[in-house]
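Input: a single structure, listed below in structure tokens.
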Amino acid sequence: MKAKQQLFLLITIALFSCRNSFEVTKKETGQYKFTDTSFTEIDSSIYKELIPYRTKMDSTMNEVLAVSTGSMEKGLPESKLGNFLSDACMSVSKAHNKTADIAIFNTGGLRRSLPQGKITRGDVFELMPFENELVILTMNGEDVKKIVNFIAIKGGAPVSGLRLRIQDSVATDIFINDVAFDVTKNYRILTSDYLANGGDSFPFVITLGWDAVNLKVRDALIEYLITQTKIQKEINVELDGRITNGR
Numbered sequence: 090m091k092a093k094q095q096l097f098l099l100i101t102i103a104l105f106s107c108r109n110s111f112e113v114t115k116k117e118t119g120q121y122k123f124t125d126t127s128f129t130e131i132d133s134s135i136y137k138e139l140i141p142y143r144t145k146m147d148s149t150m151n152e153v154l155a156v157s158t159g160s161m162e163k164g165l166p167e168s169k170l171g172n173f174l175s176d177a178c179m180s181v182s183k184a185h186n187k188t189a190d191i192a193i194f195n196t197g198g199l200r201r202s203l204p205q206g207k208i209t210r211g212d213v214f215e216l217m218p219f220e221n222e223l224v225i226l227t228m229n230g231e232d233v234k235k236i237v238n239f240i241a242i243k244g245g246a247p248v249s250g251l252r253l254r255i256q257d258s259v260a261t262d263i264f265i266n267d268v269a270f271d272v273t274k275n276y277r278i279l280t281s282d283y284l285a286n287g288g289d290s291f292p293f294v295i296t297l298g299w300d301a302v303n304l305k306v307r308d309a310l311i312e313y314l315i316t317q318t319k320i321q322k323e324i325n326v327e328l329d330g331r332i333t334n335g336r
């Protein structure tokens with residue numbers, strides 16, 4: 090009986106602490122008859138042993154990382170949430186001595202909005218539940234132009250260091266760090282390994298270099314929020330026209 094209780098405890102802890110999703114690849118049907126009645130109800134002693142683990146997890150996820158002056162939601166062609174994501178990742182990447190000219194992410198990767206007021210660690214985990222890593226790609230101007238035009242076709246994207254106008258699904262008036270885009274130059278682009286490998290159909294080309302930041306996108310956001318709180322700054326994100334629609 091003790092061995093069964095220990096097994097049940099380990100399984101229950103795993104269920105409490107993991108939120109991974111699984112895809113069913115094979116399904117078998119049949120009838121199974123359980124003759125062991127020892128698992129008809131949870132032993133109260135096991136439940137009591139689980140309480141500290143759940144309490145610790147709740148405490149961690151409810152930790153307030155920063156305070157925002159307004160709510161942040163995703164949208165196109167730009168959004169407060171997208172600007173926050175891309176600017177925060179650029180800032181943290183630079184703090185880790187990994188500099189890039191621009192940052193590009195995808196709106197689909199943002200799974201919730203962030204509230205006005207207190208932002209908790211749990212909020213960030215819900216916003217970015219994936220294990221995607223930050224990487225920097227070095228690309229020539231021709232390939233960067235393809236990426237920028239892809240953004241125009243999609244109607245926008247979370248970006249930092251990049252400004253452009255979308256006209257008839259084509260990118261025009263492209264500026265990188267307030268300097269006109271030069272198709273003959275090479276540029277360093279900060280993004281996620283998911284997008285770098287072609288996720289969400291982004292046409293990234295890995296030819297001139299791949300530099301790992303060694304930091305998850307989610308962890309970069311958490312680090313940024315904590316840093317802003319340490320210097321007594323609230324999170325204040327505005328729309329600044331980095332991507333616009335126009336004729």
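Per this note's numbering, the sequence shown runs over residues 90 to 336.
Ideal placement from N, C-alpha and C gives every residue a C-beta, glycine not left out.
Residue i, buried or exposed, once every other Cβ within 10 Å from all chains shown has been counted against 16
i      : result
Gly198 : buried
Ile315 : exposed
Gly245 : buried
Gln77  : As displayed, the chain neither begins before 90 nor continues past 336, which places residue 77 out of reach and without an answer.
Asn172 : buried
Lys169 : buried
Asp212 : buried
Asp232 : buried
Ala285 : buried
Residue of the options minimising C-alpha distance to residue i
i      : options                        : result
Ile208 : Glu222, Phe219, Cys178, Glu152 : Glu152
Gly287 : Thr318, Phe194, Gly230, Gly171 : Phe194
Arg307 : Thr280, Thr318, Asp257, Val294 : Thr280
Leu223 : Glu327, Leu310, Gln256, Thr333 : Leu310
Glu162 : Ser202, Glu231, Asp190, Ala301 : Ser202
Ala59  : Glu220, Gln317, Val302         : Residue 59 cannot be examined here, being either before or after the span of the chain that is shown, 90 to 336.
Gly250 : Asn221, Glu215, Ala189, Glu167 : Ala189
For residue j and residue i, the rounded distance between their alpha carbons
i      : j      : result
Leu304 : Cys178 : 10 Å
Asp282 : Thr296 : 15 Å
Gln321 : Thr273 : 42 Å
Arg277 : Asn186 : 13 Å
Arg324 : Tyr313 : Before going further, note that residue 324 is Ile rather than Arg in the sequence given. C-alpha separation (whole angstroms): 10 Å.
Ile242 : Ser157 : 32 Å
Pro218 : Arg200 : 8 Å
Asp262 : Arg331 : 11 Å
Gly335 : Ser148 : 47 Å
Met228 : Leu216 : 29 Å
Expected contact under 8 Å - CB spacing of residue i and residue j to nearest Å
i      : j      : result
Ala260 : Asn238 : 5 Å
Ser175 : Pro292 : That pair is no contact at about 19 Å.
Please give the ranges of any beta strand (DSSP E) in the region 194-279, keeping only runs that are unbroken, at least 3 residues long and fully inside the region.
206-209, 222-229, 251-256, 259-265
In chain order, which continuous runs of the alpha helix (DSSP H) of length 4 or greater are located wholly inside the region 282-322?
282-285, 306-319
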